[in-house]
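Engineer:
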Amino acid sequence: MENIAVIVILVSLGYFFGRMAENKHYQSIREREQAFLSLPTTSTKKPMGNIDHISHVQLVHGNVVISVDYFKRFLATLRNIFGGPIQAYETLLDRARREAVLRLKESCPDANQIINLRLETSSISKGDSERIGSVEVLAYGTAIYHQDSNAQAPIL
Amino acid sequence: MFVTNIEDVPGKTITVCHGIVSGSTVRAKHMGRDIMASLKNIFGGELKGYTELLGESREQAIERMKAQALQMGANAIVNVRFSTSSVAAGAAEIYVYGTAVNVE
Amino acid sequence: MKYQPSLPEHNDNVSHHHPVREFVILIFGVVGLVVISFLILGLFVDQAVNYISPEDEAQLFAKVDLSGAFGDEESSTTQELLQQLIDSLGRCHNILFPLTVHLIKSEDINALALPGGDIVIFSALLKQLPSINGLTFVLAHELGHFKNRDHLRSMGRGLVLAALITYFAGANSDVSQMLASSMTLGQTKYSQSRESKADETALDILNCYYGHVGGATDLFETLQQEEEGSGSELFHYFDSHPEIQKRIEMIHALSKKQGYQVGETQPLNDHFAIQDTL
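Residue numbers (my numbering), protein chains in the order written: chain A, 1398 to 1553; chain B, 149 to 252; chain C, 158 to 435.
Shown next as C-alpha cells:
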C-alpha cells in the first residue's frame, strides 16, 4: 500500500515539476535561437563567402546532459511494453540537441559562420538505463572568423 | 525534396542556405518482439523485429526533418548525417540532421 | 549563395498529444493485461491443484522445509507440546499426511500453512492467546487450509503473479513495484473467501475435539483489543483476513447454525509453561 502511495507521489511530483522545467527550458531555447539566428550554421564542409577574407578558424563545441523526470521515465517503461513512439523521450532528445547547438554558438559569439556542424549523442547511464534516463549531446563544428568582423552575411 | 549526404545536389546550384534542420524519433517495439529477439540471440541471425524498428525510426526521422525544411521554404537538404544513441533499453533513438538549402 | 536564416514555426520532432492521456491509456492497458492473464493462469493453478493428490504433495515437499524462511526456530518443550496437540487433533480431521509444527520467534501475530504439511506458529501469537481452546482453533484453521488445498493455491498464484510482473515490467523497476502492489489488492479479495472457508473447517474440528466451540474467537478478540484506536477502516480492506469484527460475527453465526455449544475454556498457562523469552 505504501509502495503505491510513494510511487503516485513521485509520479505527480515528477509530472508537475518536470513540466514546469521543460516549459521554461523551451522558452529559453526559443529566445536564444531567435537571438543567434543571424549566425550562419551549416553542416557543409565549404565555408560560405570569400575564403580569402578568413582571419582564423577554430574548433568549437557545446555539450549538455539532460535527464528525464520520474513521470516520463515511468511512461517510457509502460510504452516499452506495448511498443510505438516513446513520446516521453522525444522532448528530452529535442531539448538536449537544441541546447547543445546553442551552447556551441554561445561559445563563439563573434564568429562569422560555423561550418561542418556535427552532433554526437551518448547515454551516460546505459548500464542502468531503467533507473536513470539521461542523455549527453555533444555538438561540434568549425567557427570561421572573417578579417572584417563587421561583415554581413557572406554572399558567394 | 532532394536529400543528399554530399556537399551539394549534383547538376544543381545552391542559391539560398537556410541553416541546420533536424529530425529525431524514439521508438520501442512491443514485448513480444523483445522476447523473440532474445531467443534469436541464442542462435544468431537477423533480428527482423529490430531491423524493422530501426528502419521505421529512420524513415520517421527523415520525414520530420523534411517537414522542418519545408516550413523554412527550402527545397533540398544537403550533407545529411545520422546519429543514434540509446537512452532507454529496447528503444531506438535516431537523429538525422543536415543543411536546408534552395537549389536551382 | 546567400544566407537566409529561418526557424521552423512548429516543432515536428515531438508528439503533441497530452502525456497524461497517454499515461492513463497505458496504465489501464497494462493493469488490464496483467489482471486478465492472472485470472486465466489462476484458473490453471486451481485445475492443477485438483490433480496433485495429498500423497504426491507430501512426497514432493518432503525434502523441502520452507519454514526456515520466516525466522529462527525455537526448539523447546513448547514446540513439543504444540506437536502433541496437533497430533491429538488427528481424530477430528481426515488429513492423512504427517503434520509438523514449527515455532518461530517473531513479533508478528500470525500462523501459516506451508506445502508439505508444515505449520508455522509465530511466538507472539502464543503469548497473546488467553486459552488453549483459542490455540486449538488457530491450529485447526491452518488444518482447514490444508484440507482446502489453499496452501498450494496461494503458492501457485504467488508464483504466477511474480512471473507475470517480472515478464511485463522487468525485475526491479518502479512499474513492477506498482503492479505488484495493485495485484496484491486483487488477490486479497480472493484469499478473504479462502480464509472464511478455513474458519468453517476449524469450527468443526474444535467442536469435535472439545465438544463445544468456546474460545474460537479468542484470538480475534485479543487482536481487536490491540488494534482498537489504531488503523483506519481503509487499511482493513487490504488485510488478507476479513475484518476482525466481521470474522467474529461470522463464527458466532456459524456455531449457532450448526448448534454448537459454547463451553468453558482452559487457560493456556496451565498447559504451556511459556517462558518469558518467547
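All C-beta atoms in this analysis are idealised placements derived from N, C-alpha and C, irrespective of residue type, glycine included.
Give the range of the beta strand (DSSP E) segment to which B:Ser231 is assigned.
Structural biologist: Ala224 to Ser233
Engineer: Sort out for me which residues DSSP pairs C:Thr257 with in a bridge.
Structural biologist: C:Asp275
Engineer: Please list, in chain order, all residues of the same chain as B:Phe230 whose beta carbon is under 6 Å from its beta carbon, the five residues on each side excluded.
Structural biologist: Excluding its 5 nearest sequence neighbours in each direction, B:Phe230 has C-beta neighbours in its own chain below 6 Å: Val244, listed in chain order.
Engineer: Could you check whether the Cβ of B:His178 sits closer than 8 Å to any Cβ belonging to chain C?
Structural biologist: no
Engineer: Just tell me which of C:Met312, C:Glu406, C:Leu321 and C:Asn364 has its CA closest to the CA of C:Phe377.
Structural biologist: C:Glu406
Engineer: According to the Cβ coordinates, are C:Pro165 and B:Met149 closer than 8 Å?
Structural biologist: no
Engineer: What does the alpha-carbon distance come out to for the pair C:Val277 and C:Leu269?
Structural biologist: Going by the C-alpha atoms only, they are around 5 Å apart.
Engineer: Is the CB of C:Pro162 under 8 Å away from at least one CB in chain A?
Structural biologist: yes
Engineer: Count the other CB atoms within 10 Å of the CB of C:Gly186; is the residue buried (16 or more) or exposed (fewer)?
Structural biologist: exposed
Engineer: Taking the alpha carbon of B:Glu155 as the reference point, which residue from A:Ala1540, A:Asn1513 and A:Met1417 has its own alpha carbon closest?
Structural biologist: A:Asn1513
Engineer: Within 10 angstroms of the Cβ of C:Asn251, are there 16 or more other Cβ atoms? Answer buried if so, exposed if not.
Structural biologist: exposed
Engineer: Quick one: residues in its chain with C-beta nearer than 6 Å to the C-beta of A:Asn1447, no 5 flanking neighbours on either side, listed in chain order?
Structural biologist: Closer than 6 Å at the Cβ level, and outside the excluded window around A:Asn1447, lies no residue.
Engineer: For B:Ser205, collect the residues of the same chain with a Cβ closer than 6 Å to its Cβ; drop the 5 residues on either side in sequence, then sort them by chain order.
Structural biologist: Excluding sequence neighbours, B:Ser205 sits near Thr173, Arg175, Ala240 and Ile242.
Engineer: Taking only beta-carbon positions, decide if C:Met335 is within less than 8 Å of chain B.
Structural biologist: no
Engineer: Could you pull the start and end residues of the alpha helix (DSSP H) that C:Leu282 belongs to?
Structural biologist: Start and end: Ser280 to Gln285.
Engineer: As a quick exercise: from A:Cys1505, A:Gln1424, A:Glu1487 and A:Gly1480, pick the residue whose alpha carbon is nearest that of A:Val1532.
Structural biologist: Comparing Cα-Cα distances from A:Val1532 to each of A:Cys1505, A:Gln1424, A:Glu1487 and A:Gly1480, the minimum goes to A:Glu1487.
Engineer: Go through its chain and collect everything with a Cβ distance to B:Val164's Cβ below 8 Å, but skip five positions before and after it.
Structural biologist: Closer than 8 Å at Cβ, skipping near neighbours: Ala222, Val249 and Asn250.
Engineer: What residues of chain C sit near A:Gln1544, judged by a beta carbon separation below 8 Å?
Structural biologist: In chain order: nothing, as chain C lies at least about 18 Å away.
Engineer: Please list the partners that C:Pro176 has in chain B, where partner means a Cβ-to-Cβ separation under 7 Å.
Structural biologist: Contacts between C:Pro176 and chain B, judged by CB atoms closer than 7 Å, are missing: the closest CB pair is about 14 Å apart.
Engineer: The beta strand (DSSP E) that contains C:Gln241, what's its start and end?
Structural biologist: From DSSP, C:Gln241 is part of no beta strand (DSSP E) but of the alpha helix (DSSP H) over Thr234 to Ser245.
Engineer: If you run the structure through DSSP and keep just helix, strand and coil, what is B:Lys188?
Structural biologist: helix
Engineer: Hey, out of B:His166, B:Glu252, B:Arg181 and B:Pro158, whose CA is closest to B:Ala217's CA?
Structural biologist: B:His166
Engineer: Check whether chain A comes within 8 Å of B:Met186, counting only Cβ atoms and requiring the distance to be less than that.
Structural biologist: In the sequence on display, residue 186 of chain B carries Ser and not Met. By this cut-off, B:Ser186 is not an interface position.
Engineer: Are the CB atoms of A:His1453 and A:Tyr1542 within a distance shorter than 8 Å?
Structural biologist: yes
Engineer: Using the Cα positions of C:Ser311 and A:Ala1473, report the straight-line distance between them to the nearest angstrom.
Structural biologist: 32 Å
Engineer: Can you pull the chain C residues whose beta carbon is under 8 Å from the beta carbon of A:Met1445, in chain order?
Structural biologist: Met158 and Tyr160
Engineer: Using a Cβ-Cβ distance cut-off of 8 Å, determine whether C:Ile252 contacts chain A.
Structural biologist: no
Engineer: Name, in chain order, the residues that DSSP records as bridge partners for A:Leu1535.
Structural biologist: Per DSSP, A:Asn1460 and A:Glu1517.
Engineer: Do A:Ala1497 and A:Ala1540 have their C-beta atoms within less than 8 Å of each other?
Structural biologist: no
Engineer: Quick one: is A:Ala1485 near chain F, going by C-beta distance under 8 Å?
Structural biologist: No chain F is present in this structure, whose protein chains are A, B and C.
Engineer: What's the gap between the Cα of A:Lys1443 and the Cα of C:Met158?
Structural biologist: Straight across, the Cα-Cα distance linking A:Lys1443 with C:Met158 is about 12 Å.
Engineer: With 8 Å as the threshold, decide whether the Cβ of A:Arg1500 is near any Cβ in chain B.
Structural biologist: no
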